[in-house]
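Residue numbers (the numbering used here), protein chains in the order written: chain H, 1 to 138; chain F, 1001 to 1138.
Glycine residues also receive a C-beta, built at the ideal position from the N, C-alpha and C atoms.
First comes the structure, then the notes that go with it.
There are 2 protein chains.
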Amino acid sequence: MSDTELASDLVVHAARLVRAVRRDLELPAGTRIISLLDEHGPLGITQLAELDRCSQPTMSAAVAQLVESGWVTKKPNPDDARGTVVTLSDTGRDELRRVRRRHGERVAALVAQHPDLTTEDLATAVAVLRGILQEGTS
Amino acid sequence: MSDTELASDLVVHAARLVRAVRRDLELPAGTRIISLLDEHGPLGITQLAELDRCSQPTMSAAVAQLVESGWVTKKPNPDDARGTVVTLSDTGRDELRRVRRRHGERVAALVAQHPDLTTEDLATAVAVLRGILQEGTS
DNA sequence: GAGCACTACATAGGTTGCCTATGTAATCTG
DNA sequence: CAGATTACATAGGCAACCTATGTAGTGCTC
């Protein structure tokens, strides 16, 4: 199978996976954001939007929700009064742990059902997705 | 990294990829459906919903849209007057080809930017996603 | 062969997750 | 200091889902 065919299949299957997970486990948009904050530390709205590859207004709204949930805090940036610093709170970190465990257990169980899929394969899949998303502005 | 961590990352990154693709290339829900019809041949609404892991009403609406676009046809099932048979039309097959080429080229280009990602890695990623989704009712 | 449970699909109504367009305030730049 | 740029917020709208519920056809059971 060619690269283009594979790449196209990758997208369709990824879409299917996301909806399947969202369906019976919940996958709010906020999960992606707190995951970014966990990985990169405190960030501004625009930076978050770029990392998550969504529009700035979308990120504004998403962060507002997270603030309401108490998973992040939003403070004015001391070095630039226009900007904001979004920081992961302790409860946010807890939530991230919970979500990760839920998703992890579930998906890992499915992977385990397929003896031909190894941990290495899983790592490869993640690496591929991560690679594709990296600076993939092209 | 543990399996659960990897699995959780897989979900988050898949979500990010899907939105990124949807953003600058369009990834309508119909794409998944005509892709299923291409793979499995004519199917009923409920069967499609199960394969795509969405609810039946969602699939009803999606198929209605596809009918309007002319990419599929919907006929009553001769063996069961309650049922419907959804069939991929020629224009639908053309559309599928177009979409696949667009997505494929785009994502394949991104993959090509990362010399450490091989075609085999890509194939592995697809296999992982496909495996996870297979009968993943658990 | 009448009633009942079940199945396949449609409709209604609501939520979430995004987007573009646009406004506002703060910061840089000539 | 005027104008461009940057960081964010607001408004309005659309696509893709969902659950709950209705309806018609099927199959079983007695």
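Query                                                                                                                     : Result
Test: E105(H) CB closer than 7 Å to a CB of chain F                                                                       : yes
Members of the stretch 108-122 of chain H near chain F, C-beta cut-off 9 Å                                                : A108, A109, L110, V111, A112, Q113, H114, D116, L117, T119, E120, D121 and L122
Beta strand (DSSP E) segment containing P1076(F), residue limits                                                          : V1072 to P1076
7 Å Cβ cutoff, S69(H) in contact with chain F                                                                             : no
At least 3 beta-carbon pairs within less than 8 Å: the stretch 1100-1108 of chain F vs the stretch 1054-1062 of chain F   : no
The stretch 1018-1029 of chain F touching the stretch 12-32 of chain H, judged by at least three CB pairs closer than 8 Å : yes
Whole-Å CB distance - V72(H) paired with L37(H), under 8 Å assumed                                                        : 7 Å
Cutoff 6 Å; reference V67(H); Cβ partners in own chain excluding five residues on either side                             : K74
7 Å Cβ cutoff met for V126(H) and L1017(F)                                                                                : no
Spatially closest choice to R19(H) from L1088(F), G1083(F) and T1058(F), by CA coordinates                                : T1058(F)
For T119(H) and D1121(F), believed in contact at Cβ under 8 Å, the rounded distance                                       : Actually they are not in contact, since the Cβ atoms of D1121(F) and T119(H) sit about 15 Å apart, beyond 8 Å.
Cross-chain neighbours of V128(H) in chain F, by beta carbon under 7 Å                                                    : L1117, D1121, L1122 and A1125
Interface residues of chain F facing T46(H) [CB-CB closer than 9 Å]                                                       : Under the 9 Å cutoff, chain F gives no residues; its nearest Cβ is about 16 Å from T46(H).
Helix, strand or coil at T1004(F) according to DSSP, with G and I counted as helix                                        : helix
Sequence-distant residues of the same chain with beta carbon closer than 7 Å to S1089(F), five excluded per side          : G1070, W1071, V1072 and T1073
Beta-carbon proximity check, G92(H) vs T1004(F), cutoff 7 Å                                                               : no
Alpha helix (DSSP H) segments (min. 4 residues) lying fully within the stretch 1060-1129 of chain F                       : 1090-1112
Chain-ordered chain F contacts of R32(H) [CB-CB under 7 Å]                                                                : V1012, A1015 and R1016
Coil, strand or helix - L48(H) by DSSP                                                                                    : helix
Below-7 Å beta-carbon distance, R53(H) vs any chain F residue                                                             : yes
E1039(F), enclosing alpha helix (DSSP H) - first and last residue                                                         : A1029 to H1040
Alpha carbon of G1041(F) to alpha carbon of L133(H), nearest angstrom                                                     : 33 Å
Within chain H, the residues that E1041(F) reaches when beta carbons sit closer than 8 Å                                  : Checking the sequence, you will find Gly at residue 1041(F) rather than Glu. Result: empty, since nearest Cβ-Cβ is about 17 Å, beyond 8 Å.
From L129(H), P115(H), L48(H) and G83(H), residue whose alpha carbon lies closest to that of D1116(F)                     : L129(H)
7 Å Cβ cutoff, L6(H) in contact with chain F                                                                              : yes
Cα-Cα separation between A1062(F) and P78(H), rounded to whole angstroms                                                  : 49 Å
Neighbouring residues, chain F, relative to R97(H) (Cβ below 7 Å)                                                         : Here the premise fails: no neighbours, minimum Cβ distance about 10 Å.
Proximity test, Cβ basis, 7 Å: L1133(F) and chain H                                                                       : yes
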